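Same order as they appear, the protein sequences are chains H and U. Taking this note's numbering, the leading residue of the first sequence gets 19, the next gets one more, and so forth. Taking this note's numbering, the leading residue of the second sequence gets -13, the next gets one more, and so forth. Reading through the structure tokens given below for one structure.
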Amino acid sequence: MRIVIADDAALIREGLARLLSEAGEEVVGLAADGTTAEQLVAETHPDVVILDIRMPPGGPGEGVRVARAVRTQTAGRTGVLVLSQYLEPALAMQLLADGAEGVGYLLKDRVADLDMLTEAIHRVGRGGSVVDPAVVAALARGHGRRSALDELTEREREVLGLMAEGRSNAAIGERLTVTLKTVETHVASIFSKLGLEVTHDDHRRVLAVIAYLRGH
Amino acid sequence: MPGRVILVDDHAGFRARARALLEAEGLDVVGEARTVTEALDVVQRVRADIVLLDVVMPKQDGFEVAEAISSLPHPPAVILTSSRDAADFGDRLARAPVRGFLPKAEISAAAIDRLMRGGEREDGAPPTSARRVWRAPTPAAPLPPGARARPLIPAEGLGPAWVRLAAWPASLAVGLIAVYAMWTSALLATGSLESNSLDPSPVVAGVALVGWSTAIAGLGAWWRRPDRYAGPLLVAAAWAWFIGAASWATDGGAFQGYYVILMAALLLTYPSGRLASPAARLLVVFMVAVLAASTVGRLVFETGPAGYIANCYPPDPLCAPIPQAFIDATYSTPSPNQSALDLYNTLDLGSQLALFAGAALALAAVAYRWLRATGPNRRVLAPSLALGVALTAAVGVAVLRRQPGFDTSIPDALGVGLVVALAAMPHAFTWDLVRGHLARTKVADLVVSLGASPTREGMRAALSRALSDRSLSVLVWSPDATAYLDEVGQATDLPDHDPARSFTLLERQGQPLGAIVYDAALREDPALLSSVSAAAATSIENDRLQEEVQAQLAEVQASRARIVATADEQRQRLERDLHDGAQQQLVALAIDLRSARLRVDPAVQPELARTLLGASARADSAISELRELARGIHPTVLTEAGLAAALESLAQRAQFPVTVEAPLPARLPAAVEATAYFLVAEALTNSAKHARAREAWVRAELIGDRLHIEVADDGIGGADVAGGTGIRGLADRVAALNGSLRLESPAGGGTRLVAEIPCGS
């Protein structure tokens, strides 16, 4: 994958670049602020741009702004992965507001989990979605009243969380080491229990599930 | 009174104002001086009676100047003046060789006159130097402005109450004696003179009517206004009238006419109670002298038992009867003592003419004053003018009747009219006095209505009512503009040069508060003015204090809000520093550790690989902990996504189910959002920690421009704002934003926290 990294902290910028290079990725540009990041993307046409959520000149939220701009400018050819120090579903939702395709929201601590990081990069590079599991967990916790979620089985809730993280049925099956068929059964059951409209588009599914979690 | 004044003051404005004031009141300002040197020069060059000297002068103070002046040959009297209180100068004032002290606000011809005369009859304390000294009162507490002037009449009034009470039956008795004397004398006369047999009852009735009417008017005025001379003067006139009548009936009228003098004195002194000029004093002395001579003459020459009802019809005490001896002489009976009779005749006619002249001059003086007066002053002088006309006419008619051959039949109607006028006029004075008294009782109402902290216009209306002066205006001193401001905040000059307007400066401890401007006629009642001024000064001062307190409160409120805003900013900066500093370092460390792990083959160096893995995990959890710490200090979601998202985020983090309903518009002021957020956070923490709640509900909505926040749980209740510093501090925060906070927490009944925070501006 051809990657541009934008982070105002040089240590992280350089560290990430070295780490990803060592992991076999191609880092084609480094930016210290949002404006430079946009220029680099326009010049180098990377597959993925990794954005710190908080950068000059916009401060907190600059990453989200640049991400949406890049998605529009490149007509979705460049995936964006926002690294955030905030475990806030509301901020993740701001990022996903224009669509989940080729967009990811990952907590910054995940840089130590190289497998997760590279998987996320590859997923958004291919046009998939990524939502940090911790954010999904926070969403699932925030329920006051008893809800339809209580009717889900333990396994179904697991599947729901993985759907919210942006994984496809195949990836979920791989993760839970079950067959694709079983995953599809779980998904159908979840959708009928929660009263959601069935969709096979992964990106729409992410949004539907997250919207459901938020709304309850 | 002496009236040549030199003004010494370094302030040109004050000199101009004082000059205008004193000259309008009849004093002569013969010189002015700005400095000490000038003052000594002018005092030696110009002959003056009074030096009005400012105590506070540049370079040298007034006391030293006063010493210097007093050591001159034939020094004028010095009156010290200052915008400060007499008490401020302590016993220096008492020791100074001066006539007295006048606060600047109280300078008037009347006050100067009072001091000049007061110096000669005051208190009887031995003078400390060759000159008499007026001792400045040193009150324990500062007196209200205006209350410092020494009253002309003692506070308890003229004559103790029992004297005023006893005057009623005494006046009745004097009248009865006079009526009885007249009646018996008239019967005797009609019996003896068949040709002139007239019914005496109209005469007696007329005399009784005028006498008692005057007495009642005088007694009423004396009773209601013991502070004024007019009442006792009218009573004295009534008595003089009765004595004159009795005298007419018994001894040939030796004591007639004194009534006219007393009434003339009333005309000349009303309303101030003082004879305004040396000419007036001379007039009264002249009338008394002539009449006294006449009395002596009559007592010497009168031989018959009673006078005739000669040409006087209706016979009245103003018309002296013709003595028997005179008739005998005129009507061909030879008299043994013709020259003495001539002398008597001259004397008699002279006294009659003197009375007439006196009455006419008094009338002229009143008319002159009336013509020069304006507005309310004319109203005050109207009774005097009418009485003057009636009195002069009555005496004139009496003199004419006195002449032999005067046709008595013509002026019957005139005579009746004059009797009615003389009986009615005194009541006009009483009415005028009691009206003033009513005005004074209004001061009590005034103080009450001013106490209710009225508006400027309300205060003006109240003062205007109390002083019965619709033209009254209230000026308030503005230290910022260094000017007096009128009702609409316009800087206004004091009416220094307008003789129709007068003003009283309101001061407290030498600091100007304001002024009331009113019709010049009101100066006639200084006691009322000073009560009203005191009330006005108190009211203005209260207003000023209230304004100051309000301003301070607003300042305190603003500073509280600033403290909250500053605290928020600091928390935000701290949070930013944590993210930009320590957390970035930790993330970089995690990346380096991960990078190191890539270079280590666990199969070759299992120990090192394990250590690196552990270090990675610790860096990871350090990042998480730091993230939560920063979030607690100031949640970024609040600044980035607003209150609703932040409250949702709180609910997601809670250890128990929390339902959030926050239908809020986009964004609220930062201070309001932060306050609401920390309030809910603290409430939820308490619900989890202390209330053992299983569930909680949060509601935030905007009603009007107020944010309503409600946090409820199903816990054990029993919480108290005073109990936890957390809620206490947040209650202060809410109050700093002008909001309110209420905690309902019955034991066992859950806890409900309700707060309202205004979002306007």
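C-beta: ideal position from N, C-alpha, C; glycine also. These figures come from a predicted structure and were not determined experimentally.
Beta-bridge partners of residue i, as assigned by DSSP
i             : result
residue 488/U : 504/U
residue 83/H  : Residue 83/H pairs with nothing; no bridge assigned.
residue 87/U  : 66/U
residue 78/H  : 72/H
residue 102/H : 125/H
residue 683/U : 645/U and 698/U
residue -6/U  : 19/U and 39/U
residue 728/U : 740/U
Distance between beta carbons of residue j and residue i, contact taken as under 8 Å
i             : j             : result
residue 666/U : residue 633/U : 6 Å
residue 145/H : residue 179/H : That pair is no contact at about 22 Å.
residue 706/U : residue 736/U : At roughly 14 Å, the Cβ-Cβ gap does not stay under 8 Å, so residue 706/U and residue 736/U are not in contact.
residue 570/U : residue 30/H  : 6 Å
residue 67/U  : residue 39/U  : 7 Å
residue 682/U : residue 693/U : 19 Å between Cβ atoms; not a contact.
residue 518/U : residue 452/U : 5 Å
residue 167/U : residue 232/U : 4 Å
residue 400/U : residue 383/U : 6 Å
residue 126/H : residue 573/U : 5 Å
residue 253/U : residue 374/U : 5 Å
Residue i: contacting residues in chain U (beta-carbon distance under 8 Å)
i             : result
residue 129/H : 573, 576, 577 and 580
residue 27/H  : 566, 570, 573 and 574
residue 34/H  : 577
N- and C-terminal bounds of the alpha helix (DSSP H) containing residue i
i             : result
residue 582/U : 570 to 585
residue 151/H : 151 to 159
residue 187/U : 187 to 210
residue 27/U  : 22 to 31
residue 136/H : 132 to 143
residue 673/U : 656 to 675
residue 55/U  : 48 to 56
residue 707/U : No alpha helix (DSSP H) holds residue 707/U; DSSP gives it neither H nor E.
residue 183/H : 172 to 183
residue 294/H : With chain H covering 19 to 234 only, the question about residue 294/H has no answer from this structure.
Extent of the continuous beta strand (DSSP E) run through residue i
i             : result
residue 221/U : Looking at the DSSP string, residue 221/U is not in any beta strand (DSSP E); the run it does join, the alpha helix (DSSP H), is 216 to 236.
residue 66/H  : 66 to 70
residue 11/U  : Taken as a continuous stretch (DSSP letters only), residue 11/U belongs to no beta strand (DSSP E), as it is neither H nor E.
residue 208/H : Note, residue 208/H: premise wrong, no beta strand (DSSP E); alpha helix (DSSP H) at 198 to 212.
residue 606/U : Taken as a continuous stretch (DSSP letters only), residue 606/U belongs to no beta strand (DSSP E), being part of the alpha helix (DSSP H) at 592 to 619.
residue 462/U : 459 to 464
residue 698/U : 692 to 699
residue 470/U : 469 to 471
residue 474/U : Neither: residue 474/U is in no beta strand (DSSP E) and is coded neither H nor E.
residue 40/U  : 36 to 40
residue 44/H  : 44 to 49
residue 741/U : 737 to 744
residue 22/H  : 20 to 24
Neighbour list for residue i in chain H, Cβ cutoff strictly below 7 Å
i             : result
residue 602/U : 130
residue 610/U : 127
Proximal chain H residues relative to residue i, where beta-carbon distance stays under 9 Å
i             : result
residue 650/U : Within chain H, no residue comes near residue 650/U; the closest Cβ sits about 13 Å away, beyond 9 Å.
residue 605/U : 127 and 130
Contacts that residue i makes with chain U (C-beta to C-beta distance below 9 Å)
i             : result
residue 156/H : 635, 638 and 639
residue 108/H : 623, 626, 627, 628, 630, 631, 632, 634 and 635
residue 37/H  : 577, 578, 580, 581 and 584
Proximal residues of chain U, C-beta to C-beta of residue i below 7 Å
i             : result
residue 103/H : 565, 569 and 613
residue 40/H  : 581 and 584
residue 112/H : 627
residue 159/H : 638
Nearest neighbour of residue i, chosen from the options [CA to CA]
i             : options                       : result
residue 224/U : 246/U, 211/U and 548/U        : 246/U
residue 249/U : 347/U, 31/U, 232/U and 451/U  : 347/U
residue 541/U : 652/U, 723/U, 495/U and 469/U : 723/U
residue 58/H  : 114/H, 113/H, 92/H and 175/H  : 92/H
residue 505/U : 493/U, 515/U and 488/U        : 488/U
residue 90/U  : 660/U, 704/U and 491/U        : 491/U
Distance cut-off 7 Å: residue i Cβ against heavy atoms of the ligand ZN
i             : result
residue 152/U : Although the ligand ZN was asked about, the structure shown includes no ligands whatsoever.
Task: Members of the segment 614 to 634 of chain U near chain A, C-beta cut-off 9 Å - done: Absent here is chain A; the protein component of the structure consists of chains H and U.
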